[in-house]
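Numbering (numbering that gives the first Met the number 0), first residue to last: 0 to 254. Just so it is clear, CB atoms sit at the ideal spot from N, CA and C, and this is done for glycine as well.
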Amino acid sequence: MKLMEYRIDAVVEAFSGAERVCVFTGAGASKESGLPTFREIDGEWKHYDPMTFATLEGFLSEPVQVWNMYRMRQRQIGEAQPNGGHSVIAQMERQYPHFLLVTQNVDDLHERAGSRKLVKIHGDCWGMRCLQCCETYDTRDFDFPAEFTTETLPICPKCEVLCRPDIVWFGEFVPDDAMHAAVWSSSTCDLMLVVGTSGEVSGGYGFVERAAMNGATIVEINPTEGILTQHAHIWVPEPAGVVLPKIWQCLTMYK
Ligand code: APR
0 MKLMEYRIDA VVEAFSGAER VCVFTGAGAS KESGLPTFRE IDGEWKHYDP MTFATLEGFL
60 SEPVQVWNMY RMRQRQIGEA QPNGGHSVIA QMERQYPHFL LVTQNVDDLH ERAGSRKLVK
120 IHGDCWGMRC LQCCETYDTR DFDFPAEFTT ETLPICPKCE VLCRPDIVWF GEFVPDDAMH
180 AAVWSSSTCD LMLVVGTSGE VSGGYGFVER AAMNGATIVE INPTEGILTQ HAHIWVPEPA
240 GVVLPKIWQC LTMYK
């Protein structure tokens with residue numbers, strides 16, 4: 000039996016015995032949908048300086064540039080389609096009564112694939128938030144231009160103060176409710192599926208470490224070995240959009 004088939008069999012066996020499942024995803028889960036990751040060779044942070052495009056200070060110094068990068072990402076995400084991995088994760092939540100998807104991704108591909116039991120710990124690319132009253136809005140509810148100028152930057156309909164993208168930037172905290180749900184799920188799951196994340200952001204790394212310390216089986220799907228792989232009981236070095244449908248087919252064959 001080829002090593003990969005062995006690993007898939009081991010994953011199927013782990014899922015067959017699981018009751019409380021936590022799925023933790025990063026940008027790699029959307030790779031087969033054509034969206035870039037952040038830290039790979041062709042990643043977002045190779046084209047955009049995160050200190051400008053992923054910090055509040057950067058936004059306040061260059062609001063037009065930062066907003067237009069997010070407008071470009073909104074177009075990319077709008078044109079992308081959920082892949083087989085998103086679809087499997089959405090089906091999983093219906094198979095396991097105790098289930099939560101914790102995603103770092105700000106795209107809406109999990110939702111469009113049908114996931115409902117999810118927390119988005121880094122925000123949502125379509126959202127915007129008032130810098131003064133913190134009211135949040137969906138940018139799709141406004142007739143915004145494809146590209147903003149200084150004169151057309153989005154302002155809060157209530158207090159007419161500048162709005163920012165509703166994204167959790169470096170140096171900022173994950174919203175309490177999302178963090179509590181993610182901590183609870185990673186602390187109580189008996190299986191954690193880690194899909195397409197480098198683990199470079201501490202919050203995410205902590206979820207995996209906590210699950211491992213609580214005795215959960217850790218399954219990692221990532222073509223590249225990373226800092227999280229040390230916690231993985233089973234590491235499947237394959238693209239998520241390709242291998243998750245294979246795993247799901249084996250898993251549901253015997254259900
Ligand atoms: N399938 C699965 N994993 C993949 C695939 C694929 N097809 N292609 C790439 N990967 C893996 C890479 O090997 C890498 O480990 O996806 C991971 C992407 O890592 P990052 O680019 O660091 O993205 P992510 O882990 O989601 O970053 C976390 O950092 O910059 C912040 O807010 C940003 O949410 C982001 C957070």
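- Excluding its 5 nearest sequence neighbours in each direction, I166 has C-beta neighbours in its own chain below 8 Å: A53, Y69, V105, H121, G122, D123, C124, G126, listed in chain order.
- Per DSSP, reduced to three states, the secondary structure at P153 is coil, with no helix or strand assignment.
- Counting only runs that start and end inside the stretch 37 to 66, the alpha helix (DSSP H) elements of at least 4 residues fall at 43 to 46, 49 to 52, 55 to 60.
- Beta bridge pairing from DSSP links V193 with F23, E219.
- DSSP links C129 through a beta bridge to C162.
- When the Cα atoms are used, F206 and L130 turn out to be separated by approximately 29 Å.
- Judged by DSSP secondary structure, T187 falls within the alpha helix (DSSP H) whose first and last residues are 175 to 187.
- Three or more beta-carbon pairs separated by less than 8 Å are not found between the stretch 83 to 98 and the stretch 128 to 143, which leaves the two stretches without contact.
- Between D137 and P222, the alpha-carbon positions lie close to 34 Å from each other.
- If the five residues before and after C132 are omitted, its C-beta is found closer than 8 Å to the C-beta atoms of C155, K157, C158, V160, all from its own chain and listed in chain order.
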